[in-house]
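Numbering (the working numbering), first residue to last: 589 to 688.
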Amino acid sequence: MSDDGTDDSEADDSAPADAAAEPSDDEVVRTAAEAAEGIVFKHYDQSTVTDLDVTVTFEEGVLDVDVYLNAPEDAEPDREAVAQEAVETAGEAVDELFEA
């Protein structure tokens, strides 16, 4: 009888939209891992790399990336430098993901 029943669904819809704007933990991990692997294979042919392990965790807003790379000792560029670049690039990729 009175017209005080307002539609609050618009206010409720805005909260999930804001939450959806942030990438999921899985998306963060996947983005970091793909970026790290991309750097390794930018520098080395896949057949040159005898072992590659990219471990990524994202918990409570903290990203941890570890890259283990086994390539020939005389490989150019230096495998430790490539692993470090892969870690840094993974972090940059996740930063860009949050900026988007």
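Where is the CB? At the ideal position from N, CA and C, for every residue including glycine.
Looking at the DSSP output, L657 sits in a beta bridge with L640. Ranked by how close their Cα comes to the Cα of V642, the residues A659, T636, D633, A623 have A623 in first place. Contact check between the stretch 658–666 and the stretch 630–638: three or more CB pairs, one atom from each, fall below 8 Å, which counts as touching. With respect to Y632, A671 sits apart: the two C-beta atoms are not nearer than 8 Å. One alpha carbon belongs to E625, the other to D654, and they sit about 11 Å apart. If you check the CB distance, V628 and L640 come in under 8 Å.
Judged by DSSP in its simplified three-state form, E647 adopts strand.
D652 is bridged by DSSP to T645.
Proximity to E647 across A609, E615, A674 peaks at E615, based on C-alpha coordinates. The beta carbon of A621 sits closer than 6 Å to the beta carbons of V642, V644 from its chain, once the five residues preceding and following it are set aside; these are given in chain order.
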